[in-house]
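Novice: Encoded as structure tokens, here's the structure I'll be asking about.
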Amino acid sequence: MIKRIPVILDGDPGHDDAIAWVLAAASPMLDIKAVTSVCGNQTIQKTTYNAGRIMTLVGLHVPLAMGRVKPLVADAIIAPTVHGNSGLDGPALPEPADKPVDIEAATLMAQILEASEEPVVLIPTGPLTNIASLLLLYPHLKSKIRHIYLMGGGIDFGNWTPAAEFNILVDPEAADIVFRSGVPITMAGLDVTEQALVFPEDFERIRALNNPVATVVAEWLDFFYGFHRSIGYPGAPVHDAVSVAALIKPEIMTMVDMYVAVELTGDYCRGTTVGDKLGVLKQPANARVIMGIDREGFVDLLAEAAAHYGKEA
Amino acid sequence: MNKLPMLLDCDTGVDDAVAILFTKFLNNLELVAVTTVAGNVEVEHTTRNTLQVLELAGMEHVPVYMGASKPLMCEPYNAHHVHGKNGLNDIELPKPKREPEAMKAWDAIYEYAKRYKGELTVVAVGPLTNLALAITKYKELPGLLKRIVIMGGAAIGGNVTPAAEFNVYADPEAADMVFTCGAPVHMCGLDVTMRAYFTAEELDEIASLGSRQAVFARDVMQGILQFYRAYKLGGVAFHDPVTVLYADDDSYFQTDFAGVRVETKGKLTRGKTVTDLYSDKQMEHNAYVVTNLDRDIFKKRVFEIMAKYGA
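Chains as they are written, first to last, in the numbering used here: chain H, 64 to 376; chain X, 8 to 318.
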């Protein structure tokens with residue numbers, strides 16, 4: 064029996080967060096210690112409710128804590144065009160079996176880090192508000208963070224603006240704190256996640272697994288693809304699942320060590336992750352940036368995770 | 008065959024020098040005037056270098072107009088470390104036999120635009136200060152131009168900073184004025200110019216053509232090879248020369264019509280040409296962004312042109 068890696072899932076579900084968590088909860092490599100919600104794709108109330116519903120669906124009974132109601136400094140931005148009014152439109156889901164704990168997300172993370180004998184991996188798939196709060200409030204626990212696998216940013220391009228990706232744009236100050244923290248970072252940005260496309264035929268492969276979780280995943284993909292099809296994508300880019308996949312199956316990706324800094328000002332570039340590909344700034348690398356992925360290997364990983372829930376039943 | 012008129016605005020500069028050599032033997036364009044600007048080195052140097060290289064090319068008939076000595080708003084930013092003390096990799100050409108014309112660059116741009124109404128292509132391969140001043144002084148100018156082809160910017164990445172290319176970084180306010188002026192703007196940025204490279208061996212092949220001009224082209228470009236080794240590029244990028252070739256014949260290039268604005272306020276991204284090629288959100292489309300080229304055809308054109316200087 065391999066020793067499992069302790070992790071905390073932090074996200075703003077969101078269809079791709081949800082699929083990321085299905086992947087994480089199915090992995091025998093991971094020991095999920097807690098889940099925290101953040102405002103991003105939808106308001107904090109909605110993402111927290113969605114987090115509870117997903118945890119119940121996948122049978123994950125660990126503490127869930129609600130994050131801040133808004134980014135550190137900026138006003139909230141939400142994405143109902145992508146994820147619907149609930150933040151997780153599409154299939155019917157079970158009501159949350161457990162209530163969120165009565166402490167802040169950052170405080171729950173701190174408790175987990177303190178109690179853990181070995182350093183813990185953080186997997187943020189939304190804006191980095193909670194992770195930055197943790198670093199600001201409990202700086203002495205930095206050494207208890209083994210690694211941050213984050214979905215956010217884009218070295219070569221953005222999505223919410225031409226230069227910025229949604230998660231970083233929503234809370235650039237938080238992202239700046241995280242990238243300057245010195246904690247090892249693996250960045251799953253748009254450079255790779257736009258390649259992590261799941262095609263309609265892949266949805267059918269997952270649907271055919273015919274277990275309750277696989278069916279829901281297929282229906283999430285149906286919904287998530289609806290928006291992306293309307294803007295010309297051949298499939299659904301399951302952004303957030305790449306961060307989990309990078310931890311459990313790095314061999315299907317190509318990664319480049321790079322110095323990455325977050326632009327906080329500008330008319331067009333606030334929230335841009337500026338990556339020094341050519342090394343012109345002569346700064347040491349602070350992130351391992353994922354630039355490529357074996358798409359089919361990624362789809363296999365998702366399908367295997369969805370199949371796992373059939374075995375359990 | 009009647010060629011269309013071209014005005015070259017440059018900050019000569021090693022690759023500007025090669026671009027000037029190329030202008031003598033284009034298929035579709037004829038160089039009618041050159042304007043100079045501060046950029047790679049100071050405007051006194053870029054002007055003298057321009058006069059010298061035109062003489063080397065046997066193009067003493069092309070008038071030269073000196074332009075801006077500094078950017079619109081920011082402090083001058085030069086690249087002596089790349090282009091050498093004199094701007095030509097410290098290669099000494101004979102002292103020029105003539106002086107620049109008395110007229111200022113921005114007035115000259117307007118005069119030629121009026122003379123060749125609707126037919127003039129302005130190829131700007133330095134910071135865009137002169138064009139911005141011309142647009143400011145003559146509001147009808149954009150409507151008089153056939154197109155503006157610039158070497159500058161990048162949809163992806165940068166070279167002076169991770170986010171900005173030298174010419175746009177050197178005068179971001181001027182660049183944004185040009186991108187939004189209303190004339191058709193074609194952006195030959197790093198996306199294409201870094202693909203238009205020559206290896207050390209290929210530079211030697213140019214020199215082996217034998218003419219003074221061919222040997223000069225090799226010698227002047229050779230000095231900057233070291234910078235591209237640091238970038239892990241196979242050779243030296245022909246930023247300005249490829250831009251002239253694109254202006255002459257764009258048939259072997261790939262171009263996307265897209266929105267481009269210049270970031271002037273970012274702390275890390277000042278001078279970035281924010282290009283809406285990949286995002287979900289659309290900016291108003293204002294520029295033809297050149298993204299790729301057929302390098303084999305490009306190389307063939309370079310050898311064809313340089314061979315015309317004889318042996």
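We put the beta carbon where it would ideally sit given N, CA and C, even for glycine.
Is there contact between the segment 340-354 of chain H and the segment 22-38 of chain X, where contact requires at least three CB pairs shorter than 8 Å?
Specialist: The segment 340-354 of chain H, when compared against the segment 22-38 of chain X, does not touch it at the 8 Å Cβ threshold.
Novice: Would G329/H pass as an interface residue toward chain X - the criterion being a Cβ-Cβ separation below 8 Å?
Specialist: Yes - at least one Cβ of chain X is within 8 Å of the one on G329/H.
Novice: Beta-carbon within less than 8 Å of A376/H's beta-carbon, same chain only, minus the 5 sequence neighbours each way: which residues are those?
Specialist: Any reading at A376/H must be qualified, since the residue scores a pLDDT of 47, below 50, and its modelled position is unreliable; no value is offered.
Novice: Got a sec, what are the start and stop residues for the alpha helix (DSSP H) L86/H sits in?
Specialist: From DSSP, the alpha helix (DSSP H) with L86/H extends over 78-89.
Novice: By the three-class DSSP mapping on this structure, what secondary structure does L408/H have?
Specialist: Residue 408/H lies beyond the range of chain H shown here (64 to 376); nothing can be said about it.
Novice: Measure the alpha-carbon distance for D79/H versus H292/X and round it to whole angstroms.
Specialist: Each residue's CA atom was taken as its position, placing D79/H and H292/X some 31 Å apart.
Novice: Between the beta-carbon of R277/X and the beta-carbon of P179/X, is there less than 8 Å?
Specialist: In this structure, P179/X lies closer than 8 Å to R277/X by Cβ.
Novice: Does the beta-carbon of S100/H have 16 or more other beta-carbons within 10 angstroms, so that it is buried, or is it exposed?
Specialist: buried
Novice: Taking DSSP as the reference, what is the three-state secondary structure of S100/H?
Specialist: strand
Novice: Does the segment 195-203 of chain X come within contact of the segment 152-166 of chain X, defined as at least 3 CB pairs closer than 8 Å?
Specialist: yes
Novice: I need the DSSP call for Y295/X, collapsed to helix, strand or coil.
Specialist: Residue state, collapsed to three classes: strand.
Novice: If you compare alpha carbons, which of I65/H, P91/H, V98/H, D94/H is closest to P76/H?
Specialist: V98/H
Novice: Check this for me: beta carbons of Y235/X and V227/X, under 8 Å apart or not?
Specialist: no
Novice: Using a beta-carbon distance cut-off of less than 7 Å, what residues from the segment 224-254 of chain H approach chain X?
Specialist: Residues passing the 7 Å Cβ filter: T224, P225, A226.
Novice: Any idea which residues DSSP pairs P154/H with across the strands?
Specialist: For P154/H, which the question treats as bridged, DSSP gives no partner whatsoever.
Novice: Applying the criterion that 16 or more other CB atoms from any shown protein chain within 10 Å of the CB defines a buried residue, is F287/H buried or exposed?
Specialist: buried
Novice: So with CB distances below 9 Å, who are the chain X contacts of V261/H?
Specialist: Those within 9 Å of V261/H in chain X number zero; the least Cβ separation is about 18 Å.
Novice: Using a 10 Å radius around the Cβ and a threshold of 16 neighbouring Cβ atoms, would you call T250/X buried or exposed?
Specialist: T250/X comes out buried.
Novice: Express the C-alpha separation of A299/H and E326/H in angstroms, rounding to a whole number.
Specialist: 28 Å
Novice: Taking Cβ to Cβ, would you say A227/H is nearer than 8 Å to L197/H?
Specialist: no
Novice: How is V121/H classed by DSSP in three states: helix, strand or coil?
Specialist: helix
Novice: Taking a Cβ distance cut-off of 7 Å, strictly less, list which residues of the segment 49-63 of chain X are near chain H, in chain order.
Specialist: none
Novice: Looking only at C-alpha atoms, which of L232/H, G245/H, G216/H sits nearest to R209/H?
Specialist: Of the candidates L232/H, G245/H, G216/H, the one whose C-alpha sits nearest the C-alpha of R209/H is G245/H.
Novice: For my contact list, P159/H and Y112/H are in at a C-beta cut-off of 8 Å; report their separation, rounded to the angstrom.
Specialist: 7 Å
Novice: Taking A195/H as the reference, which of G130/H, A259/H, N148/H, A251/H has the closest Cα?
Specialist: G130/H
Novice: I'd like to confirm the pairing. Which residues does DSSP put opposite I95/H in its beta bridges?
Specialist: V70/H.
Novice: Which residues, in chain order, does the segment 337-351 of chain H contribute to contact with chain X at a C-beta distance below 8 Å?
Specialist: Result list: V337, G338, D339, K340, L341, G342, V343, L344.
Novice: Note the first and the last residue of the continuous beta strand (DSSP E) segment covering L36/X.
Specialist: Following the DSSP letters along the chain, one finds L36/X inside the beta strand (DSSP E) bounded by residues 36-43.
Novice: If we ignore side chains and look at the alpha-carbon of each, how far apart do L138/X and Q229/X end up?
Specialist: 30 Å
Novice: For the segment 173-199 of chain X, which residues have a CB atom closer than 8 Å to at least one CB atom of chain H, in sequence order?
Specialist: none
Novice: Cα separation between E311/X and P149/X?
Specialist: Rounded to the nearest angstrom, the two C-alpha atoms are 33 Å apart.
Novice: Please confirm if D219/H has its CB atom under 8 Å from at least one CB of chain X.
Specialist: With a threshold of 8 Å between beta carbons, D219/H makes contact with chain X.
Novice: From V309/X to Y285/X, what distance separates their C-alpha atoms?
Specialist: 32 Å
Novice: Considering only residues of the same chain and omitting the five flanking positions on each side of F264/X, which have a CB-CB separation below 7 Å?
Specialist: Answer for F264/X: H292, Y295, listed in chain order.
Novice: Excluding the 5 residues flanking H246/X on each side, which residues of the same chain have their C-beta closer than 6 Å to its C-beta?
Specialist: D22, M158, T200
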